[in-house]
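Residue numbers (the working numbering): -10 to 384.
For glycine and all other residues, C-beta sits at the position ideal for the given N, C-alpha and C.
Just so we're clear, the structure is a prediction, and the values are computed from it rather than from any experiment.
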Ligand SMILES: [Zn+2]
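Spelled out as structure tokens, the structure:
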């Protein structure tokens, strides 16, 4: 239906063609051409982008009858049937680097670890292959990476051709073909033979650096994220910048980062434990001061205090320390982004602090609850004076 120019020449970026059909695809204008260099989304490789007669091509798909449908940003002008097409070459070349890199990587995983590729996805940022193994040792992955990059440095030819079923049966295919009839074969010289309809570089040297970026274990399979060529370079650049920046901030060489971070973590741990101890000491002093200045009421004293911005945890710690050491009833509040309340009384004090808290919450428009000896709540932020007035009216 459409002669696919990329089958025989993946480096063809400009071409002229005849419009043989104008259609609508997912509500957008689209055309079918008699010949095209645009790669349609298939086999794990995304569609090309570019322009037809100056109109942006936003997607390329294969229709059921095998026609290549070019989805356009706006309709093509009606005049003339012959148009010029141009594909977005940097995008296409990136896809070629990743796709040929994938063939070499899959073959290397097969050779070194006897792991078969059962899935491939060429993504916008990273590409993945799925291997039929549950785990991979880091050293094994490094030796696969070594082999792949060796094949890149050897700059081996990569060729494509269509073969019939007789020849196909004699080829050492990595994977059986998914289609009937003549099958397109991609061959990395003396390394890999695989059926594939994708676009590939002419020599392995063009793939550039190949790097396994991440492993993701998913049951019986392992997903391998990898980067080739320009993507590997950009990744190296970003990582180097991060590492250099961290090393500068910590005033160490990048090779000393590990120890520097370990030292920082040790210091932070020590400081946290010092702080915890200091806070516990302060709490005891503060609690004694609060009790000393509290008003007596029969057999116990009433501690009422409203602070600017104390969190619920602090209020609760103060209330618990007070009620466990003294015969008291405690009404504490911290006013910040919200008003936090904590009411409590000692075991021997016969009061229902939960009921008092409900009353305070009703007046402040908040919510809360608890037991007769300890109740907590919160309300929308309001002035300190207002909270003080509500609390002192309770007892
Ligand atoms: Zn392929």
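First through last residue of the beta strand (DSSP E) which encompasses residue i
{"i": "residue 365", "result": "363 to 369"}
{"i": "residue 214", "result": "210 to 217"}
{"i": "residue 202", "result": "199 to 207"}
{"i": "residue 9", "result": "3 to 14"}
{"i": "residue 18", "result": "17 to 22"}
{"i": "residue 192", "result": "From DSSP, residue 192 is part of no beta strand (DSSP E); its letter is neither H nor E."}
{"i": "residue 162", "result": "That residue, residue 162, is in no beta strand (DSSP E); it is neither H nor E in DSSP."}
{"i": "residue 106", "result": "106 to 111"}
{"i": "residue 173", "result": "172 to 177"}
{"i": "residue 121", "result": "Residue 121 -> no beta strand (DSSP E), and no H or E assigned at all."}
{"i": "residue 45", "result": "44 to 51"}
{"i": "residue 41", "result": "39 to 41"}
{"i": "residue 58", "result": "57 to 61"}
{"i": "residue 181", "result": "181 to 184"}
{"i": "residue 358", "result": "356 to 360"}
Beta-carbon separation (whole angstroms), residue i vs residue j, contact threshold 8 Å
{"i": "residue 357", "j": "residue 383", "result": "The Cβ separation is near 13 Å, so there is no contact."}
{"i": "residue 192", "j": "residue 144", "result": "5 Å"}
{"i": "residue 116", "j": "residue 146", "result": "Wrong, their Cβ atoms sit about 23 Å apart, outside the cutoff."}
{"i": "residue 102", "j": "residue 133", "result": "7 Å"}
{"i": "residue 23", "j": "residue -9", "result": "7 Å"}
{"i": "residue 380", "j": "residue 349", "result": "6 Å"}
{"i": "residue 77", "j": "residue 39", "result": "5 Å"}
{"i": "residue 289", "j": "residue 256", "result": "Between residue 256 and residue 289 the Cβ distance is about 45 Å, and since that is not below 8 Å, they are no contact."}
{"i": "residue 60", "j": "residue 21", "result": "Not really, about 11 Å apart at Cβ, beyond 8 Å."}
Endpoints, alpha helix (DSSP H) assigned at residue i
{"i": "residue 286", "result": "Premise fails: residue 286 lies in the beta strand (DSSP E), 284 to 286, not in any alpha helix (DSSP H)."}
{"i": "residue 347", "result": "342 to 353"}
{"i": "residue 382", "result": "373 to 383"}
{"i": "residue 139", "result": "127 to 142"}
{"i": "residue 157", "result": "154 to 159"}
For residue i, the nearest candidate out of the options (CA to CA)
{"i": "residue 81", "options": "270, 156, 211 and 190", "result": "190"}
{"i": "residue 153", "options": "184, 288 and 139", "result": "184"}
{"i": "residue 5", "options": "353, 17, 19 and 70", "result": "70"}
{"i": "residue 274", "options": "237, 254, 256 and 314", "result": "314"}
{"i": "residue 149", "options": "0, 57 and 203", "result": "0"}
{"i": "residue 372", "options": "347, 197 and 326", "result": "326"}
{"i": "residue 311", "options": "322, 324 and 335", "result": "335"}
{"i": "residue 141", "options": "360, 369 and 196", "result": "196"}
{"i": "residue 138", "options": "167, 276, 198 and 128", "result": "198"}
{"i": "residue 180", "options": "31, 320 and 161", "result": "161"}
{"i": "residue 365", "options": "303, 203 and 43", "result": "303"}
{"i": "residue 368", "options": "337, 362 and 301", "result": "301"}
{"i": "residue 65", "options": "164, 261, 8 and 36", "result": "8"}
{"i": "residue 228", "options": "240, 249 and 202", "result": "202"}
Discussion item. Would you call the segment 178 to 197 in contact with the segment -7 to 6, where contact means no fewer than 3 C-beta pairs closer than 8 Å?
Written reply: yes
Worksheet item: Which residue spans inside the segment 63 to 93 form an unbroken beta strand (DSSP E) run of at least 3?
Response: 71 to 76
Item to complete: For the segment 208 to 223 and the segment 113 to 123, state whether three or more C-beta atom pairs, one from each stretch, are separated by less than 8 Å.
Response: yes
Worksheet item: Does the segment 38 to 55 come within contact of the segment 94 to 109, defined as at least 3 CB pairs closer than 8 Å?
Response: no
Item to complete: Could you tell me which uninterrupted alpha helix (DSSP H) segments, each at least 4 residues in length, are contained entirely in the segment 259 to 336, listed from first to last along the chain?
Response: 301 to 314
Worksheet item: Is the number of C-beta pairs between the segment 353 to 373 and the segment 330 to 340 that are closer than 8 Å three or more?
Response: yes
Item to complete: Decide yes or no for the touch test of the segment 290 to 297 against the segment 263 to 282: beta carbon pairs closer than 8 Å, at least 3 of them.
Response: yes
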